[in-house]
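A.B. asks:
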Amino acid sequence: DVPYHLSRRDPPPASSKLVMSSLVVGHAKVDVWCRLYLPDAHYVPKTLRDTIQALSFGTNRLDVKGAQVKLPQQSLFSERSPGEGSLSA
């Protein structure tokens, strides 16, 4: 058996790369449905998790059914800080 790095004379072809230097997202309105298991939802402040559990008589789950989330227009990337990635992932 020949080691892989010795079996190829030429390097493999480079993969494609996507570079996004500007992306502006307009106003967005989204309806959200989700179920959060509060003990594992560390992205929600503990005081808020504790308050939800107390007000819902000790349940450890929060069901969100069709909450509307509105987001203002945002610029996500710039020339100085582009988004980079691959479409083949």
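Take the sequence shown: its position 60, counted from the start at 1, is 1067 in my numbering, and no numbers get skipped. Think of the CB as a built atom: it goes at the ideal place given N, C-alpha and C, for glycine as much as any other residue.
Got a sec, what are the start and stop residues for the beta strand (DSSP E) A1101 sits in?
C.D. replies: Residue 1101 cannot be examined here, being either before or after the span of the chain that is shown, 1008 to 1096.
A.B. asks: State the Cα-Cα distance for the pair V1039 and Y1011, rounded to the nearest angstrom.
C.D. replies: Mapped onto the sequence shown, residue 1039 falls at position 32. Mapped onto the sequence shown, residue 1011 falls at position 4. Going from the Cα of V1039 to the Cα of Y1011 covers about 49 Å.
A.B. asks: Leaving out the 5 sequence neighbours to the left and right, which residues in its chain are closer than 7 Å to L1094 when beta-carbon positions are compared?
C.D. replies: Residue numbering aside, residue 1094 sits at position 87 when the sequence shown is read from its first letter. Correct list, in chain order: S1023, L1025.
A.B. asks: Would you check if the stretch 1028 to 1036 and the stretch 1067 to 1081 touch, i.e. whether three or more CB-CB distances between them fall below 8 Å?
C.D. replies: They touch, by the three-pair rule.
A.B. asks: Going residue by residue through the stretch 1038 to 1085, where are the continuous beta strand (DSSP E) segments of at least 3 residues, counting only ones entirely within it?
C.D. replies: Counting only runs of 3 or more, we get 1068 to 1078, 1081 to 1084.
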